[in-house]
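These notes are about the structure you will find just below.
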Amino acid sequence: MMADDQYDPNPSDDELEAHLQTRNMVVNLGPSHPATHGTVRLRIELDGETIVKMDPEVGFLHRGFQKSCENVTWTQCLPYTDRLDYVAALTNNFGFLSAVEALMGVEIPERAKYIRVVGAELHRIASHLTTVGAVGLELGGFAPFLYCIEGRELITDRVTELTGARLTTSYGRVGGLNRDLPAGWEDKVLKSLVKIEEHLDEADRLLTRNRIFTDRLRGTGDITKDDALDFG
Amino acid sequence: MSTFALDQIHAQLPEALVERYVDRAGDAWGVVKPDHIPQVAKLLKERLGFRLFISMDAVDRLHLPPEEQDPRFEVVYFLRNVERGELARLKVRVNEGDEVHSIRSVFQGANWAERFVWDFYGIPFKGHGDLRRILMYEEFQGHALRKDYPLRGRQGLIPERPLKDIFRGPGTNGVAE
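Chains as they are written, first to last, in my numbering: chain A, 54 to 285; chain B, 756 to 932.
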């Protein structure tokens, strides 16, 4: 038996696979870090590469929208809601408008309801495409990101035709919408959706059955159903 | 509109419920005593299936008509029963400085929500255990979403925190403190 600090020219098999002795280490990630998309500071306690404990500090992007909205009129709140989620502004526009309409007891026209659903769904697809693409990007796969963004770009173009803005839509007004669909918009949307489906297939083939992708993600950050409900 | 949640609270914990009413959008609300909210949350979660914590917020009623100003604050809770598709709307009314009992031990999601309410309205939660500000920095004075906090309230720069907090200290890897 040799002392621990002595060099052993013939290590046993056990020793080759022995767990490396490490101490937990505290690392500060952020507030500004290339691996985070926004500004967030994470105080992380690490055991090797596994996070044992994390204390996030999240207020860096807080802009006080609630306070701003309290001090303007109800219609003037609408542009603030664009900026809550910059990849799905329509969803937030319509969420705010529905709440105001519920308070007023106003029923909006049926056509406006349908257009709102179509708009919100388009932006939901755009938002999901961005997420899927970005996950691939984080793992070093650039190609699926390009296909997803290509799809998102089609939606952004359609949203631009509908609302006049790429991201900050401010579409809809309390009681309905500020304008009807542009001429021929429906056909353009249907055609775009076919194209998006093709792009999605490409991304799907690049990611879903990709060993690197699944090995990295399966079992990472598991949340039980109870925990998910509990955290809300 | 289903009032299953409020009916059950009324039947099983009658002393907890102060008031029931229906708001102008037609939704049912229950006003709960500040020290009974953990029991009510527990009843809703464990016996009635309201297991999804939706959100919590507060309302400062400072500029409402005088009869609605006392107590000044309302803490609102939204819990959902996923199977029944029902949303339970609860609120607790407190005055400046009064404590609300924390429901963090019942719903883990309440941890950050209660920190938010404390940060922006200054309502303390008893038994939370880790009630720090969440979005504002700890040196911030006052509570920004109170109606008497000025819209353009500016506060001076704070002194830089010591380097020891930011980088790993020598020798201990920052753990032993």
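Virtual Cβ for every residue (Gly too), placed ideally from N, Cα, C.
With a 10 Å radius around its C-beta and 16 neighbouring C-beta atoms as the bar for buried, classify B:P793 as buried or exposed.
buried
Inter-stretch contact at 8 angstroms, needing at least 3 Cβ pairs: the segment 132-142 of chain A / the segment 222-236 of chain A:
yes
Distance cut-off 8 angstroms: A:G148 Cβ against heavy atoms of the ligand COA:
Absence of the ligand COA from the depicted structure is noted, as is the absence of any ligand whatsoever, leaving it without description.
How would you label A:Y200, buried or exposed, when you count the other beta carbons within 10 angstroms and need 16 or more for buried?
buried
Distance between beta carbons of B:V849 and B:K881, contact taken as under 8 angstroms
Not a contact, Cβ separation roughly 11 angstroms.
Three-pair Cβ contact test at 8 angstroms for the segment 276-284 of chain A versus the segment 761-781 of chain B:
no
For the pair the segment 869-884 of chain B and the segment 92-101 of chain A, tell me if three or more CB-CB distances fall below 8 angstroms.
no
Starting from A:L99, trace the beta strand (DSSP E) in both directions and tell me its first and last residue.
94-100
For A:I168, is the classification buried or exposed, using 16 other Cβ atoms within 10 angstroms of its Cβ as the cut-off for buried?
A:I168 counts as buried, since at least 16 other C-beta atoms from the protein chains shown sit within 10 angstroms of its C-beta.
Counted within 10 angstroms of its Cβ, other Cβ atoms place A:Y60 as buried (16 or more) or exposed:
exposed
Pairs of beta-carbons, one from the segment 886-902 of chain B and one from the segment 109-129 of chain A, closer than 8 angstroms: are there three or more?
yes
Residues that A:V111 contacts on chain B, provided the C-beta gap is smaller than 8 angstroms:
I889, L890
For B:G897, which three-state DSSP category applies?
coil
Examine chain A for any beta-carbon lying closer than 9 angstroms to the beta-carbon of B:G864, and answer yes or no.
yes
Residues sharing a beta bridge with A:T184, DSSP
Beta-bridge pairing links A:T184 to no other residue.
Once the 5 residues before and after A:A83 are set aside, which same chain residues still bring their CB inside 7 angstroms of it?
In the sequence as displayed, the identity of residue 83 of chain A is Gly instead of Ala. Excluding residues within five positions, the ones whose Cβ falls inside 7 angstroms are T89, T92, V93, R94, L95.
Between A:C203 and A:H252, how many whole angstroms is the CB-CB distance? I'm expecting something under 8 angstroms.
What sits at residue 203 of chain A in the sequence shown is Glu, not Cys. Sure, about 5 angstroms apart at Cβ, within 8 angstroms.
Check whether chain B comes within 9 angstroms of A:F149, counting only Cβ atoms and requiring the distance to be less than that.
no
Using 9 angstroms as the threshold, is the C-beta distance between A:E214 and A:P235 below it?
yes
For a quick check, are the C-beta atoms of B:L845 and B:Y832 less than 9 angstroms apart?
yes
Kindly say whether B:A868, judged by its beta-carbon, lies nearer than 9 angstroms to any beta-carbon of chain A.
When Cβ-Cβ separations below 9 angstroms define contact, B:A868 makes contact with chain A.
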